[in-house]
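*Asks:* For what it's worth, this note's numbering labels the leading residue of the sequence shown as 701, then goes sequentially.
Every residue gets a Cβ at the ideal spot worked out from N, C-alpha and C, and that includes glycine.
Nothing here was measured: the structure is a model prediction, and the numbers come from that model.
Below is the structure I would like to discuss, written out as C-alpha cells.
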Amino acid sequence: MFDEIIDRDGTHALKLERYKDYKEAIPAWVADMDFKSPQCVIDALKKRIEHGVFGYTAVNDKLIESAVNFIRQEHGWDTKKEWFVFTSGVVASLNIACGMLKENESAVTTTPIYPYFLSAPLNMNREVTAVRMREIENRWSVDFDEFERSIKPNCRLILLCNPYNPGGTVFTKEELLKIAQIALKYDLLICSDEIHADLVLSKIAKHIPIASLSSEIADRTITLMSPSKTFNIAGLQSSFAVISNEKLKAAFEKSMGHINGGVNLLALTAAQAAYEGGGVWLKEVKKYLRENLKLIQEFIQNNPKLKLLKLEATYLAWIDCRALGTDAWKLFIKGGVILNDGKSFGEGGEGFVRLNFAMPRAVLKEVLARMEHAIRI
Ligand SMILES: Cc1ncc(COP(=O)(O)O)c(C=O)c1O
C-alpha cells in the first residue's frame, strides 16, 4: 500500500512549493508523509464534504472519547474529557503556552530543536534559553546538570519535545523524572510537545507522556498531542492540549483567547475517524518506516563520513555530515535531494541535515543513491 508513488504536483504541497527552482530534485524535507491517509479518514471526509454545509462546528464528545481511548491504548495514559482543549495546530499551542508567561518571565528548552520552540517565546516577547543536546551513549539526550544550571531565576516554563525532533530520541522514564524534578524544584510549568508520540519505531523504547508520571507533574503540565503526524493529516491542522489542572487549563484558554477561535471542522472529522479506525494503518505504516530506516542505516554504514545516532521515533533521520567538511545541504540539493538544513534547528544543528524517509521505498532508494553519488563526486 505504501509502495504507491503518488504525484503531489498540483496540490500546492509545501514540500514541492518551497523549492520550485529545483524541479528535478526529490523533496525529503518537511515532516509529512508521501502516503495516503487511512481509508477511514478519506471516507469520513468525503461523507462530511458531501453534506455541503460547512458552518461553525463544536468539538463533540465522541471525538474526545476517541482521543481518550486512543491515548489509553497507545500510551497507557488515562485522560479525562474535561482536560482537552482543541487548537488548530501544535505550533499554535506552543505560542499559546508561551503567551501564558508574564512579561519578565522566560522559558528554557534544548537545541537543536524544531524551530518553533525557539521562535514561539520570541513571538510573545519572552526570552528563551536553549541548552545543547548531547550525544550520550550513541543517542541524543540532555546533560541534566547542564540543563539545571541553565535555569535562570526568571524561568517559568520548560518547553519539552518528546519524542525529540530532530534526532528521534524517546526520553526514558528516568530522563523524564529528571526533567520533572527540575520542574518541581524551580516551580516551572512544562509544555510537552508529544506530536511524534505515536510514531515510535524502536521495539524497545516506549513513549511515556510526562504528565502520566504523577499527579504532581500533571498539575504543572500542558501536553500537546495531535493526529496530524500519526495519520498524515498535517494540512488539516488538527491538534489538542491535554491539561488536567483546571487553573492551568483556564490560563491556557485565556492565552488562546480569540487568536485560535475555532477549529476547522474537517480537522475534527479526520481526527475522530483516525482515532476510531486508523489503528491497523498505523501499525502498517510503522512497519514500513522501520524497513525504510534500515535502508538508511545501511547507507550510513557504507558512507563512514556520515553518522546517525540511534533513532527511536519519527520518520526524520538526523544525519551528521560534519566530516564531509562542506555545506552538506547545498551538496545534496545540487545532487538532486532536498533535505532540511540542520542550521534551521538552531545552535548545534550546523553540519547536519534532516532526511524525511516517509516515502515509497523505490523513491527512498533513489534519494540514497543520489546522496551517495553527491558525496563521491
Ligand atoms: C515537534 C513538532 N511539533 C509541532 C509540529 C507541527 O505541528 P502543527 O502542524 O500541528 O502545528 C512538528 C512538525 O514537524 C513537530 O515536529
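On the DSSP letters alone, give me the boundaries of the alpha helix (DSSP H) that F817 sits inside.
*Replies:* Working through the sequence shown from its first residue, we reach residue 817 at position 117. Element bounds for F817: Y816 to N823.
*Asks:* Going by the DSSP bridge assignment, what does D1020 pair with across the sheet?
*Replies:* By one-based count along the sequence shown, residue 1020 stands at place 320. DSSP output for D1020 lists K1007 and F1052 as bridge partner(s).
*Asks:* With which residues is P727 paired in a DSSP beta bridge?
*Replies:* The sequence position of residue 727 within the sequence shown is 27, counting from 1. In DSSP, P727 forms a bridge with I1038.
*Asks:* In three-state DSSP terms, what is D893?
*Replies:* As a position in the sequence shown, residue 893 is number 193, starting the count at 1. Here D893 sits in strand by DSSP.
*Asks:* Quick check on the DSSP output: what are the complete beta strand (DSSP E) runs of length 3 or more inside the region 777–854, in order along the chain?
*Replies:* 784–787, 806–811 and 827–832
*Asks:* With a threshold of 7 Å, establish whether the CB of D972 neighbours any heavy atom of ligand 1.
*Replies:* Reading the sequence shown from its first residue, position 272 is the one you call residue 972. Per the sequence shown, the amino acid found at residue 972 is Gln instead of Asp. Q972 Cβ: outside cutoff for every heavy atom of ligand 1.
*Asks:* Quick one: what's C861 bridged to in DSSP?
*Replies:* Numbered from its first residue, the sequence shown carries residue 861 at position 161. According to DSSP, which records beta bridges pairwise, C861 is partnered with D893.
*Asks:* Since L913 is in the beta strand (DSSP E), which residue starts that stretch and which ends it?
*Replies:* On the sequence shown, residue 913 is found 213 positions in, with the first residue counted as 1. Run containing L913: none; DSSP gives neither H nor E here.
*Asks:* I want to check one thing, is the minimum distance from the CB of Y1015 to the heavy atoms of ligand 1 below 7 Å?
*Replies:* The residue given as residue 1015 occupies position 315 in the sequence shown. Every heavy atom of ligand 1 is 7 Å or more from the Cβ of Y1015, so no.
*Asks:* Please state whether the Cβ-Cβ distance between I933 and W783 is less than 8 Å.
*Replies:* In the sequence shown, the residue the question calls residue 933 occupies position 233. In the sequence shown, the residue the question calls residue 783 occupies position 83. No, they are not a contact pair.
*Asks:* Per DSSP, T921 is paired with what?
*Replies:* Looking up residue 921 in the sequence shown gives position 221. DSSP output for T921 lists I890 as bridge partner(s).
*Asks:* Please name the residue, chosen from E976, V985, R1054 and G961, that lies closest to C740 on a Cα-to-Cα basis.
*Replies:* Against the sequence shown, residue 740 aligns to sequence position 40. That would be E976, whose Cα lies nearest to the Cα of C740.
*Asks:* Taking C-alpha atoms, which residue in M824, V828, L924 and G867 lies nearest to N854?
*Replies:* As a first step, residue 854 must be located in the sequence shown, where it is residue number 154. Ranking the options by Cα distance to N854, first place goes to V828.
*Asks:* Would you check whether ligand 1 has a heavy atom nearer than 7 Å to the C-beta of V790?
*Replies:* Residue mapping note: residue 790 aligns to position 90 of the sequence shown, counting from 1. In this structure, ligand 1 has a non-hydrogen atom nearer than 7 Å to the beta-carbon of V790.
*Asks:* From A1028, Y756, R849 and N992, pick the residue whose C-alpha is nearest to that of L1011; which is it?
*Replies:* Numbered from 1 along the sequence shown, position 311 holds the residue referred to as residue 1011. Looking at the Cα atoms, N992 is the closest of the given residues.
*Asks:* In whole angstroms, give me the CA-to-CA distance for L714 and D721.
*Replies:* Position 14 of the sequence shown, counting from 1, holds the residue named residue 714. Position 21 of the sequence shown, counting from 1, holds the residue named residue 721. So the two alpha carbons sit approximately 13 Å from each other.
*Asks:* For my contact list, K762 and Q972 are in at a C-beta cut-off of 8 Å; report their separation, rounded to the angstrom.
*Replies:* By one-based count along the sequence shown, residue 762 stands at place 62. By one-based count along the sequence shown, residue 972 stands at place 272. Between Q972 and K762 the Cβ distance is about 6 Å, and since that is below 8 Å, they are a contact.
*Asks:* Can you tell me whether C686 sits near ligand 1, meaning its C-beta is under 7 Å from at least one heavy atom of the ligand?
*Replies:* It is not possible to answer for residue 686, since the shown part of the chain is limited to 701 through 1077.
*Asks:* Please determine whether the Cβ atom of C798 lies at a distance below 7 Å from any heavy atom of ligand 1.
*Replies:* For the purposes of this step, residue 798 is taken as residue 98 along the sequence shown, with counting starting at 1. The answer is no for C798.
*Asks:* With 16 as the cutoff for other CB atoms within 10 Å, does I996 come out buried or exposed?
*Replies:* The count along the sequence shown starts at 1 and reaches residue 996 at position 296. I996 is buried by the Cβ-count criterion.
*Asks:* Tell me the residue span of the alpha helix (DSSP H) that contains F952.
*Replies:* Stepping through the sequence shown from its first residue, residue 952 is reached at position 252. Run containing F952: E946 to M956, per the alpha helix (DSSP H) assignment.
*Asks:* In this structure, how does DSSP classify F770 when only helix, strand and coil are distinguished?
*Replies:* The residue you call residue 770 lines up with position 70 of the sequence shown. The answer is helix: DSSP assigns F770 an H, G or I state.
*Asks:* For A1023, tell me which candidate among V1037, P1060, L1008 and M956 has the shortest Cα-Cα distance.
*Replies:* For this step, residue 1023 is matched to residue 323 along the sequence shown. Shortest Cα-Cα distance from A1023 to any of V1037, P1060, L1008 and M956 involves L1008.
*Asks:* Is the region 949–961 in contact with the region 795–810, if contact means three or more CB pairs nearer than 8 Å?
*Replies:* yes
*Asks:* Is there contact here, the region 957–967 with the region 907–918, by at least three beta-carbon pairs under 8 Å?
*Replies:* no
*Asks:* Measuring straight from C-alpha to C-alpha, what distance separates T810 and K736?
*Replies:* By 1-based counting over the sequence shown, the position of residue 810 is 110. By 1-based counting over the sequence shown, the position of residue 736 is 36. Their Cα atoms are separated by approximately 33 Å.
*Asks:* Look at the alpha carbon of F871 and the alpha carbon of T1014, and state the distance between them as a whole number of angstroms.
*Replies:* Looking up residue 871 in the sequence shown gives position 171. Looking up residue 1014 in the sequence shown gives position 314. Spanning the two alpha carbons is a distance of roughly 13 Å.
*Asks:* Note down the Cα distance separating V759 from I922, rounded to an integer number of angstroms.
*Replies:* Start at 1 with the first residue of the sequence shown, and residue 759 comes out as number 59. Start at 1 with the first residue of the sequence shown, and residue 922 comes out as number 222. V759 and I922: Cα-Cα distance of roughly 19 Å.
*Asks:* What is the residue span of the alpha helix (DSSP H) that F999 lies within?
*Replies:* Your numbering for residue 999 matches position 299 in the sequence shown. G979 to N1002 is the extent of the alpha helix (DSSP H) around F999.
*Asks:* Taking the alpha-carbon positions, what's the C891 to D919 distance?
*Replies:* Counted from its first residue, the sequence shown places residue 891 at position 191. Counted from its first residue, the sequence shown places residue 919 at position 219. Their Cα atoms are separated by approximately 11 Å.
*Asks:* How would you call A1026, buried or exposed, if buried means at least 16 neighbouring beta carbons within 10 angstroms?
*Replies:* For the purposes of this step, residue 1026 is identified with residue 326 of the sequence shown, where counting begins at 1. The identity of residue 1026 in the sequence shown is Thr, whereas the question assumes Ala. So T1026 ends up on the exposed side.
*Asks:* If you follow the alpha helix (DSSP H) that A1084 is part of, which residue opens it and which one closes it?
*Replies:* The question about residue 1084 has no answer, for the chain in this structure spans 701 to 1077.
*Asks:* Looking at the secondary structure, which residues open and close the alpha helix (DSSP H) in which V741 lies?
*Replies:* Mapped onto the sequence shown, residue 741 falls at position 41. Where V741 is concerned, the enclosing alpha helix (DSSP H) stretches over Q739 to H751.
*Asks:* Taking the alpha helix (DSSP H) that A713 falls in, what are its first and last residues?
*Replies:* Here residue 713 corresponds to residue number 13 of the sequence shown, with the count starting at 1. A713 -> no alpha helix (DSSP H), and no H or E assigned at all.
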